[in-house]
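So in the working numbering, spot 19 of the sequence shown is number 18, and the numbers just go up one at a time.
What follows is a single structure, written as structure tokens, with notes after it.
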Amino acid sequence: MKISFRQKLIFLSLSLLVIVTAAASFITTYELQRFYKIKIFDQLKSQLYQVEFLLNDDNFTLANGELAYNRWVSYARSARFRLTFMDSSGVVLFDSNVPKDSLLFVESHLVRREMQQALASGFGKDQRISGTIHQPLFYAAKRVDTSSTRQDAIKGIHYVRVAIPLKEVEDVLNDVRWKIFGGGGISLLIIAFFSYWLSSRLTYPIHKLAKVAESINQGQLDARFDHDSEDEIGELAELLNDIMEKLQNDLVQMRKLEKMRSQFLGNVSHELRTPIFAVQGYLETLLADGDYNKKTARKFISNAYQQAVRLNNLLTDLINISRIESGEMQMSFDNFNLKKWLARVVDEMQSTAQEHDVKLVSNSDSASKKIKTLGDQARLHQVMTNLISNAIKYNVPKGTVEIGYIDLGANVEIYVKDSGRGVPDEHIPRIFERFYRVDKERSRSVGGTGLGLAIVKHIVEAHGSHIHVESVVGRGSRFSFALRKTGY
0 MKISFRQKLI FLSLSLLVIV TAAASFITTY ELQRFYKIKI FDQLKSQLYQ
50 VEFLLNDDNF TLANGELAYN RWVSYARSAR FRLTFMDSSG VVLFDSNVPK
100 DSLLFVESHL VRREMQQALA SGFGKDQRIS GTIHQPLFYA AKRVDTSSTR
150 QDAIKGIHYV RVAIPLKEVE DVLNDVRWKI FGGGGISLLI IAFFSYWLSS
200 RLTYPIHKLA KVAESINQGQ LDARFDHDSE DEIGELAELL NDIMEKLQND
250 LVQMRKLEKM RSQFLGNVSH ELRTPIFAVQ GYLETLLADG DYNKKTARKF
300 ISNAYQQAVR LNNLLTDLIN ISRIESGEMQ MSFDNFNLKK WLARVVDEMQ
350 STAQEHDVKL VSNSDSASKK IKTLGDQARL HQVMTNLISN AIKYNVPKGT
400 VEIGYIDLGA NVEIYVKDSG RGVPDEHIPR IFERFYRVDK ERSRSVGGTG
450 LGLAIVKHIV EAHGSHIHVE SVVGRGSRFS FALRKTGY
């Protein structure tokens with residue numbers, strides 16, 4: 000059987016309440032009973048003094064015989080207690096509850112506990128069932144002060160004892176007990192109702208959390224926990240909302256990455272298949288018929304070799320971008336002379352430019368010869384060769400490619416500018432995606448892998464910079480990025 004949190008809370012609070020109420024009632028009753036008995040003894044003690052005082056009254060002198068006897072009986076009944084007179088040996092001389100002619104058959108009371116206490120200290124008390132009248136009584140006894148009492152009046156009385164039935168005491172205590180337990184029961188009902196209301200109020204936000212959690216479990220990841228309190232439950236709801244927000248963002252990112260992975264695998268398969276099929280086709284043609292002249296065979300082999308080079312470049316770029324995106328690419332930063340380094344890069348690309356009938360122009364003035372910057376020279380070399388190679392391949396015949404840098408104060412901007420066809424505005428946001436091509440046919444014809452600009456973007460960002468593109472269709476493009484300047 001499933002027990003809800005609210006039921007547990009109500010049961011716990013009621014259990015604690017019952018225990019506390021019972022303990023409080025028991026302690027209160029016990030203390031009240033003890034206090035009430037002390038008060039009764041004090042009252043009986045007062046009665047003893049009053050009786051001792053009346054012993055000197057002529058109207059109550061036992062020497063008056065039957066008249067005095069009847070007066071003491073009436074006095075005891077009106078005071079609602081049992082009155083007993085005893086001599087020094089404990090022999091009963093008078094008992095308001097025993098007929099006069101039966102006193103001879105009553106045993107000595109000197110052995111009674113209250114009498115022993117009175118004999119020792121002057122006062123005594125006890126609670127027991129009377130052996131004479133067979134009723135539970137509360138006793139109080141006093142030794143008579145014979146020095147202040149008329150001897151002719153007391154007629155041998157040495158002890159006075161009064162007693163009241165315990166039933167009267169128990170009736171009062173029972174009445175008090177019922178009131179205590181009745182009040183406790185009413186309090187229990189009131190607090191039970193309050194506990195139910197409070198538990199409902201406390202568990203309501205938890206119930207709301209459970210419902211939202213169930214919605215999330217069913218796939219509603221946009222479900223959120225409503226909370227308007229600043230207590231621990233409100234903090235929990237806010238924390239869970241933050242977790243769900245991050246989780247939803249992570250799932251969106253994962254789906255995006257999964258989509259990109261699928262596209263990437265498809266693109267890789269396509270890009271690898273093209274040169275492999277081309278090489279396979281050339282070789283199958285050569286093997287199928289050996290009557291080709293040397294010139295034709297050389298052409299087929301040259302084409303196969305170019306496709307093999309393209310395949311090698313593609314695999315190299317795939318390895319590079321995989322290492323970059325997985326964080327395995329190690330960067331080695333150092334200070335270097337920008338002008339000298341850039342001049343070496345331009346010299347290396349001159350032969351490629353000449354093959355495509357494109358002119359390379361290095362634009363740097365003499366005032367900035369000693370500019371130094373911080374970066375990984377090998378990785379930046381890869382960036383520049385990719386940018387310059389693209390600027391050459393996608394240029395127009397007799398076109399120009401300008402390579403240079405601009406001193407920006409704390410930074411230095413490096414740029415590659417060409418006079419080619421340019422990139423339409425709608426393509427610029429996507430040209431750094433893997434395998435994205437503006438002109439697919441032209442890209443493949445010039446040997447592009449579709450990964451060059453993606454690699455450029457990652458390397459530049461690893462240097463704490465961003466690659467910027469400015470392009471006008473029919474006039475050319477300008478790619479630039481900034482590095483931190485470290486001196487002259």
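Even glycine gets a Cβ: it sits at the ideal position worked out from N, Cα and C.
Rounded straight-line distance, which links the Cα of residue j to that of residue i
i, j, result
"Leu8", "Ser14", "10 Å"
"Lys294", "Glu354", "22 Å"
"Ile242", "Asn216", "14 Å"
"Arg79", "Ile163", "7 Å"
"Leu92", "Asp174", "37 Å"
"Leu76", "Ile26", "Per the sequence shown, residue 76 should be read as Arg rather than Leu. Using only the alpha carbons, I get a separation of about 35 Å."
"Gly123", "Ser88", "16 Å"
"Leu31", "Lys166", "16 Å"
"Asp100", "Tyr74", "19 Å"
"Asn389", "Ala461", "21 Å"
"Leu489", "Leu482", "Residue 489 falls outside the range modelled here, since the chain spans only 0 to 487, and no answer is possible."
"Lys369", "Ser361", "16 Å"
"Asp406", "Val382", "19 Å"
"Ala303", "Thr384", "25 Å"
"Asp424", "His457", "22 Å"
"Ile391", "Gly280", "30 Å"
"Leu53", "Tyr29", "36 Å"
"Ala21", "Trp196", "23 Å"
"Gly130", "Ala140", "16 Å"
"His467", "Gly473", "19 Å"
"Ile275", "Leu282", "11 Å"
"Thr284", "Ala296", "9 Å"
"Gly408", "Glu237", "46 Å"
"Ala191", "Pro135", "41 Å"
"Ser45", "Ala117", "15 Å"
"Met348", "Asn311", "20 Å"
"Pro396", "Asp356", "6 Å"
"Ala209", "Gly184", "35 Å"
"Asp170", "Phe180", "15 Å"
"Arg436", "Val400", "21 Å"
Residue i, buried or exposed, once every other Cβ within 10 Å from all chains shown has been counted against 16
i, result
"Gln6", "exposed"
"Pro428", "exposed"
"Tyr48", "exposed"
"Leu386", "buried"
"Glu244", "exposed"
"Thr315", "exposed"
"Tyr495", "In this structure the chain extends from 0 to 487, so residue 495 is not present and cannot be described."
"Ala67", "buried"
"Leu341", "buried"
"Val415", "buried"
Option in the options with minimal Cα separation from residue i
i, options, result
"Gly463", "Gly374, Gly398, Lys416, Lys369", "Gly374"
"Val90", "Ser301, Leu102, Pro98, Asn96", "Leu102"
"Lys358", "Lys369, Lys371, Ile402, His457", "Ile402"
"Ile232", "Asp249, Leu286, Leu201, Ile427", "Leu201"
"Ser194", "Leu16, Glu432, Phe434, Ala222", "Leu16"
"Leu187", "Arg254, Ala23, Val278", "Ala23"
"Ala212", "Ser199, Phe192, Asn240, Ile39", "Asn240"
"Gly419", "Lys397, Tyr435, Tyr393", "Tyr393"
"Gln567", "Lys339, Leu379, Gly398", "The question about residue 567 has no answer here: the residues shown for the chain are numbered 0 through 487."
"Glu10", "Ser198, Phe59, Arg112", "It should be noted that the sequence gives Phe, not Glu, for residue 10. Nearest of Ser198, Phe59, Arg112 to Phe10, Cα basis: Ser198."
"Gly449", "Ile132, Val345, Asn319", "Asn319"
"Arg343", "Gln376, Thr315, His206, Ser331", "Gln376"
"Arg33", "Asn69, Val168, Asp144", "Val168"
"Val471", "Lys484, His426, Val459", "His426"
"Gln306", "Ala277, Asn292, Leu285", "Ala277"
"Ile39", "Asn55, Phe137, Val110", "Phe137"
"Lys258", "Arg433, Thr485, Gly486, Ser12", "Arg433"
"Ala352", "Asp417, Trp177, Asn69", "Asp417"
"Asp333", "Asp94, Thr399, Gly486, Leu246", "Gly486"
Contact belief for residue i with residue j at Cβ below 8 Å, rounded distance in angstroms
i, j, result
"Gly121", "Arg142", "5 Å"
"His533", "Asp86", "This structure cannot speak to residue 533, because the chain is shown only from 0 to 487."
"Glu412", "Ser479", "5 Å"
"Val159", "Val50", "5 Å"
"Phe335", "Lys298", "44 Å between Cβ atoms; not a contact."
"Asp125", "Glu113", "4 Å"
"Ser476", "Gly421", "6 Å"
"Asn410", "Lys484", "6 Å"
"Lys207", "Asp221", "About 16 Å; that fails the 8 Å criterion."
Bridge-paired residues (DSSP) for residue i
i, result
"Met85", "Val91, Tyr158"
"Ala140", "Gly123, Arg160"
"Pro135", "Ile128"
"Asn336", "Lys371"
"Leu359", "Val400"
The ligand GTP heavy atom lying under 7 Å from the CB of residue i
i, result
"Met348", "Judged by which ligands are present, the structure shown has none, so any question about the ligand GTP falls away."
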